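At position 541 of the sequence shown the residue is numbered 541 (the working numbering), and the sequence of numbers has no breaks.
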Amino acid sequence: MALSHRYETYLDHLGVTVPVSFLRLAEPGSHAVALRHDVDHSIDMALEMACFEYRRNTRSTYYILPDAPYWNDANIIEKCLQLQDFGHEVGLHCNALAQWYTGATSDPAAYLKRMLDWLRGNGIRIKGMSAHGDKSCYDGQFINYWQFRELRPASPQESENGLTPEGVPGPDGQGGLQYPLDHVLTRPDGAGFALWSTSMAELGLEYDAMHVPFDHYYTDSGGEWTRSPDPCSVSMDTGRHQVLCHPEHWKGSQKIFFFLSTARSGSKWLSTVLDAASSVTSRHECMLNHRLVQGELVEDKRTADGFLELQTDPHSVKKLLLDVRPWVERLKRDYAEVNVYLEEFLPELTACYPESTLIHLHRRPADVVSSLLNRRWYDTPEDDRHPVMEVEHWEEMGPFEKACWYVRLVNERLMQACALSLRFDRMIRGPKELEIVLSQLGIGFYPRLAKPYFSKTINAGEKGIFPAYRRWSRKQKARYHAICDPLKKELGYHISGRLLIWLSQMALLFQKPPKSQRSTAQPNPPEPLPVDIAASSASPGCTVRHASGVLEIVPHGGRHAHVLLGGGAWHRTTNDAGWPSELAHYYRAELCASIAAGDTARVICLLYDAEGNQLEQRGLVRLRSDKSEYVFSFRPGSEAVRFNLAVYMSATALPASVVVRSFTLHKLPLTHVEW
1 MALSHRYETY LDHLGVTVPV SFLRLAEPGS HAVALRHDVD HSIDMALEMA
51 CFEYRRNTRS TYYILPDAPY WNDANIIEKC LQLQDFGHEV GLHCNALAQW
101 YTGATSDPAA YLKRMLDWLR GNGIRIKGMS AHGDKSCYDG QFINYWQFRE
151 LRPASPQESE NGLTPEGVPG PDGQGGLQYP LDHVLTRPDG AGFALWSTSM
201 AELGLEYDAM HVPFDHYYTD SGGEWTRSPD PCSVSMDTGR HQVLCHPEHW
251 KGSQKIFFFL STARSGSKWL STVLDAASSV TSRHECMLNH RLVQGELVED
301 KRTADGFLEL QTDPHSVKKL LLDVRPWVER LKRDYAEVNV YLEEFLPELT
351 ACYPESTLIH LHRRPADVVS SLLNRRWYDT PEDDRHPVME VEHWEEMGPF
401 EKACWYVRLV NERLMQACAL SLRFDRMIRG PKELEIVLSQ LGIGFYPRLA
451 KPYFSKTINA GEKGIFPAYR RWSRKQKARY HAICDPLKKE LGYHISGRLL
501 IWLSQMALLF QKPPKSQRST AQPNPPEPLP VDIAASSASP GCTVRHASGV
551 LEIVPHGGRH AHVLLGGGAW HRTTNDAGWP SELAHYYRAE LCASIAAGDT
601 ARVICLLYDA EGNQLEQRGL VRLRSDKSEY VFSFRPGSEA VRFNLAVYMS
651 ATALPASVVV RSFTLHKLPL THVEW
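Next up, the structure:
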C-alpha cells in the first residue's frame, strides 16, 4: 500500500535526518536525528519508504533480516543495492541467537559470517546491526545482541535485566526479560550457548544501533508509540535522537491507477516495468479479460474476437470491472492497470473505480499506425475485434485510414480524461522521464530494478508487413497528416512548416471524391467454399466422432490436441487440404459449436507458402460455454498460398469435448481503397 500521509507529517517534524551510523561520531551536546527502519516483514514496503525519503532528501538506515520470508525474493540483492543507491545505509537486523535457539543453526557466528560474506560480496556495505525482537526471544528470555563480546556491559545482570528484546525497558517496567545468572542461554533441548562470546570485529561489524550514543529513543514497535514518547510530541531541535519506524506500520489506503492508451503504445512494456521496478502491483489488460472464481482470477478474454459486442454492452462491462475489484482490494500494494481497451469504457471505469487516477500513455502517432497495421487491425471490413470509431463513412474506409482515425480519436479522448500524460518514446530512453511522472503520482520507482528493461523489447510487432512512415506512399502520408496533425500538435510532436504546405497540396491532390460521385457498382457476392467437416483430420491427442453432420471432438492423453477442419496435416499442407488463398480477398467463417461450462478452445488459422510449409498460426476466435454461434473474418495476407482452420485445445486446459454442429466458409472481395 502507499505510505500513509502521517509519515510525511513525521518527517516534516523530524527535519534533517541521518543514518544511525552517524551517531557513533556525535559528541555529547551535539544535535542529530537518526532515522532507523527494522525491516521485519516486507522489503518492498521498505523500498517504497526509501524512495519516498530519497525524493525528500531524507537519509536513514534500513536493517535487513536474513531469515525473513522476503529473503527468498529472487531480487533481494538488487533491492538492497537499490536502498544504497537511494543514499541510505543498509545494516543487518541480527537474529542469529534466535536462529540458534530454534535449532536453525548450530553455530551463530559461522551463520553470520556466511551471510555477511554473501551480502558484502554482492556489494552491500554492512557495518552496523540492530537486534531483532524475535518471538523466540520472549520464549527463551534473551536479546539477540547478547551474542557479542564488544557489547557486554560491566554488569549484565544489572543493566540487561528487565529489558525487552528490542533492548529498551518495557512499558511501565513491565514485560522485561530475566537475564541468566550464569551468562549462558539454554534452549529447550538442554544445549547451552555462552553469551557475549562472538567478536563483532571479526565479523566486520562496527556498531549496534542500541549501543551508539544518543539522548532520546523513540520506537513504534507494535504499531504504536507505547514504549516511548511520540516523537511528534517532542522538540527535535536539540540533542541526539534515534527514531525507529517499522515500514509495515506506515501503510496508507490503497491507490489505484489506470494507464490508458491506444494499442501498440508500449503498454505491455510499461506494465512489466511497473510490476518489476515500482511500488505497485501492475497487470496488463487484466480487467475485461478475467473473472473472479472462488477468490482467484480466471482468464476469460473479452477483448479479442467479439469485442464489438462488448463495446455496445455497458452492463456487462460494469459487471466485468466490478468482478475484479475484490481481488484488487486484497493486494498488499497499490494497483496499476495498463490497458488499451478501457478507454472505450471511461464512464463505466470511473463509476466502478471513482477513486482511481487516470494517466494517458501515448506514442508517436505514425509509429502506432504502422504497428497496428502490422498486427492486422481492420484488415477486413467485418473486423469485430477492434473498436469502431464514430466517424462519417467509417464503413467505406480501408485499414490505413481507420487506424489513423482510431489513433487520433482515442488520444483526444484520453487527453481530456486523464490527469497526467506519459510519452513512450521518451520513457524508453532511460528512467528519468518515467521517474518524473511516477513521482507526481506518489508511486515508488526503482531505477536499478528497471535498468534491464530499457534495453528489452516486450510484445514486439511483426516486421515487414506494413512499412514505417518513411516508406509510406504520398497518398498515405497526405491522408495521415490530414487526420493526425491536429493530434500531433496537442501531444507536442514536431510538425515542420514546409512539410505542412506540401502535405496540404498532397491532401487536395488525393482528396476523395464526394460520395455522390463515387462508383455505385455493387461488389461481387460472397462465394461459398466447399466444406466437409466429415473429412476433417484429428491429431493423436483426440478422438473424433461424426454423426448426422455433427462433429464431436474428445481430447485425451493430457497433450495438445487439434482438429483440422480442412483436413491434412498441421505443419505442412497439400493441394487437397485446406483452401487456396487469393489476393484482394478476405474470408468469412460461420461456426456453430458448443463447449461445456468452464472449458475453452480456440479456432486458429494456419497459413502455408507455395511449398506447403507453415508460415504462421493466427488465433481467430475463442470458443466459450456461453456462446454457440460465431461469425469471424480474416485476411490471410500476400505470402500465404493456402490456409486451413483448426479447432485447437491446449494441454493445460483440455475441454471435456467440443461439438461442431455446422461450419461454412465464404470468400469475399476487398473493395476498400488503399487508404
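Glycine is no exception: its CB is placed at the ideal position from the N, C-alpha and C atoms.
Predicted model only: the values in this text are computed from it and were never measured.
**Message:** Between which two residues does the beta strand (DSSP E) holding R545 run?
**Reply:** As a first step, residue 545 must be located in the sequence shown, where it is residue number 545. Residues 542 to 547.
**Prompt:** Which value, in whole angstroms, describes the spacing of the CA atoms of F510 and V410?
**Reply:** Against the sequence shown, residue 510 aligns to sequence position 510. Against the sequence shown, residue 410 aligns to sequence position 410. Here F510 scores only 49 on pLDDT, less than 50, and its place in the model is too uncertain to base an answer on.
**Request:** Give the range of the beta strand (DSSP E) segment to which L668 is assigned.
**Result:** One-based indexing of the sequence shown puts residue 668 at position 668. The continuous beta strand (DSSP E) containing L668 extends over residues 658 to 669.
**Request:** State the start and end residues of the unbroken beta strand (DSSP E) segment that holds Y217.
**Result:** Stepping through the sequence shown from its first residue, residue 217 is reached at position 217. Following the DSSP letters along the chain, one finds Y217 inside the beta strand (DSSP E) bounded by residues 216 to 219.
**Request:** Can you check the segment 362 to 446 for any beta strand (DSSP E) of at least 3 residues that lies completely inside it and give the ranges in chain order?
**Result:** Counting only runs that start and end inside the segment 362 to 446, the beta strand (DSSP E) elements of at least 3 residues fall at 420 to 423.
**Request:** Decide yes or no for the touch test of the segment 325 to 339 against the segment 387 to 398: beta carbon pairs closer than 8 angstroms, at least 3 of them.
**Result:** Taking 8 angstroms as the limit for Cβ pairs, the verdict is that the segment 387 to 398 does not touch the segment 325 to 339.
**Item:** Through-space distance from L441 to S271, alpha-carbon basis
**Value:** Here residue 271 is taken as the residue at index 271 of the sequence shown, counted from 1. Here residue 441 is taken as the residue at index 441 of the sequence shown, counted from 1. Near 15 angstroms, if we compare the C-alpha coordinates of L441 and S271.
**Request:** Helix, strand or coil for F22, going by three-state DSSP, please let me know.
**Result:** Along the sequence shown, read from residue 1 onward, the residue named residue 22 stands at position 22. Helix, per DSSP.
**Request:** Have a look at P229 and V280 and give me their C-alpha separation to the nearest angstrom.
**Result:** Position 229 of the sequence shown, counting from 1, holds the residue named residue 229. Position 280 of the sequence shown, counting from 1, holds the residue named residue 280. Approximately 33 angstroms, taken between the alpha carbons.
**Message:** I'd like the span of the beta strand (DSSP E) that includes H93, first residue to last.
**Reply:** Looking up residue 93 in the sequence shown gives position 93. Run containing H93: 89 to 94, per the beta strand (DSSP E) assignment.
**Request:** Return yes when the Cβ of G128 is within less than 8 angstroms of the Cβ of L205, no when it is not.
**Result:** As a position in the sequence shown, residue 205 is number 205, starting the count at 1. As a position in the sequence shown, residue 128 is number 128, starting the count at 1. Yes, they are a contact pair.
**Prompt:** Is the beta carbon of C94 sitting closer than 8 angstroms to the one on S136?
**Reply:** Residue numbering aside, residue 94 sits at position 94 when the sequence shown is read from its first letter. Residue numbering aside, residue 136 sits at position 136 when the sequence shown is read from its first letter. Contact: no.
**Message:** I want to know whether the segment 600 to 607 touches the segment 627 to 646 - three or more CB-CB distances under 8 angstroms.
**Reply:** The segment 600 to 607 makes contact with the segment 627 to 646: 3 or more CB pairs, one atom from each, lie closer than 8 angstroms.
**Item:** Buried or exposed (CB count within 10 angstroms, at least 16 for buried), H5
**Value:** Numbered from 1 along the sequence shown, position 5 holds the residue referred to as residue 5. Around the Cβ of H5, a 10 Å sphere holds fewer than 16 other Cβ atoms; the residue is exposed.
**Prompt:** Given a threshold of 16 other Cβ atoms within 10 Å of its Cβ, counted over all protein chains shown, does V184 qualify as buried or as exposed?
**Reply:** The residue labelled residue 184 in the question sits at position 184 within the sequence shown. Taking all protein chains in view, the Cβ of V184 is surrounded by fewer than 16 other Cβ atoms within 10 Å, so the residue is classified as exposed.
**Request:** Using three-state DSSP, classify F454 as helix, strand or coil.
**Result:** As a working mapping, residue 454 is identified with position 454 in the sequence shown. Shown here, F454 sits in a helix according to DSSP, grouped into three states.
**Asked** Taking only runs of the beta strand (DSSP E) that begin and end inside the segment 178 to 232, which ones reach a length of at least 3 residues, in chain order?
**Response** Inside the segment 178 to 232, DSSP marks whole beta strand (DSSP E) runs of 3 or more residues at positions 184 to 186, 192 to 194, 216 to 219, from first to last along the chain.
**Item:** Residue environment, Q147, which counts as buried when at least 16 other CB atoms sit within 10 Å
**Value:** In the sequence shown, the residue the question calls residue 147 occupies position 147. By the neighbour-count rule (16 or more Cβ atoms within 10 Å), Q147 is buried.
**Request:** Using alpha carbons as the reference points, say which of A26, H31, E27 lies closest to L14.
**Result:** Translated into the one-based positions of the sequence shown, residue 14 becomes position 14. Ranking A26, H31, E27 by Cα distance to L14 puts H31 first.
**Request:** Measure the CB-CB distance between C245 and H37 and report whether it falls below 8 angstroms.
**Result:** Position 245 of the sequence shown holds residue 245. Position 37 of the sequence shown holds residue 37. Yes, the pair counts as a contact, with Cβ atoms nearer than the cut-off.
**Complete runs of the beta strand (DSSP E) confined to the segment 575 to 608 [at least 3 residues]** = The segment 575 to 608 is shown to contain whole beta strand (DSSP E) runs of 3 or more residues at 585 to 595, 601 to 608, in chain order.
**Request:** Leaving aside the five residues before and after G133 along the sequence, list all residues of the same chain whose C-beta is less than 6 angstroms from its C-beta, in chain order.
**Result:** Along the sequence shown, one-based indexing puts residue 133 at 133. Within the same chain, G133 has close Cβ partners P165, E166.
**Asked** What do you reckon, are the CB atoms on E590 and V550 nearer than 8 angstroms?
**Response** The count along the sequence shown starts at 1 and reaches residue 590 at position 590. The count along the sequence shown starts at 1 and reaches residue 550 at position 550. Pairing E590 with V550 gives a Cβ-Cβ distance that is not under 8 angstroms.
**Prompt:** Is V550 near the ligand PLP, going by C-beta to nearest heavy atom under 7 angstroms?
**Reply:** Of ligands this structure carries none, so the ligand PLP is not represented either.
**Asked** Measuring CA to CA, which of T262, G176, P247 is closest to R227?
**Response** Your numbering for residue 227 matches position 227 in the sequence shown. It is G176.
**Prompt:** Closer than 8 angstroms, CB to CB, is R423 near chain C or not?
**Reply:** You won't find chain C in this structure, because it holds only one protein chain.
**Message:** Going by DSSP in three states, E639 sits in which element: helix, strand or coil?
**Reply:** If you number the sequence shown from 1, residue 639 lands on position 639. E639: coil per DSSP, three-state reduction.
**Message:** Can you tell me which residues form a DSSP beta bridge with T61?
**Reply:** Walking along the sequence shown from the start, residue 61 turns up at place 61. Bridge partners of T61 according to DSSP: R36, E89.
**Message:** Using only the alpha-carbon positions, how far apart do E382 and R635 sit?
**Reply:** For the purposes of this step, residue 382 is identified with residue 382 of the sequence shown, where counting begins at 1. For the purposes of this step, residue 635 is identified with residue 635 of the sequence shown, where counting begins at 1. Their Cα atoms are separated by approximately 11 angstroms.
**Asked** Do you know offhand how far E629's Cα is from C592's?
**Response** In the sequence shown, counting from the first residue as 1, residue 629 sits at position 629. In the sequence shown, counting from the first residue as 1, residue 592 sits at position 592. Cα to Cα, the separation comes out at about 5 angstroms.
**Request:** Answer yes if the segment 401 to 410 comes into contact with the segment 606 to 625, meaning at least three C-beta pairs across the two stretches below 8 angstroms, and no otherwise.
**Result:** No, they do not touch.
**Asked** Is S516 helix, strand or coil when you go by DSSP?
**Response** Numbered from 1 along the sequence shown, position 516 holds the residue referred to as residue 516. Here S516 scores only 49 on pLDDT, less than 50, and its place in the model is too uncertain to base an answer on.
**Prompt:** Taking the DSSP output, what are the residues bridged to T281?
**Reply:** Position 281 of the sequence shown holds residue 281. Beta-bridge pairing links T281 to Y335.
**Request:** Consult DSSP for R56 and reduce its assignment to one of helix, strand or coil.
**Result:** Position 56 of the sequence shown, counted from the start, is the residue given in the question as residue 56. DSSP places R56 in coil when its eight states are reduced to three.
**Closest Cα partner of V338 within the set C286, Q141, L438, R240** = Here residue 338 corresponds to residue number 338 of the sequence shown, with the count starting at 1. It is C286.
**Message:** Using a Cβ distance threshold of 8 angstroms, determine whether the segment 365 to 373 contacts the segment 394 to 405, with at least three qualifying pairs required.
**Reply:** Segments in contact, yes.
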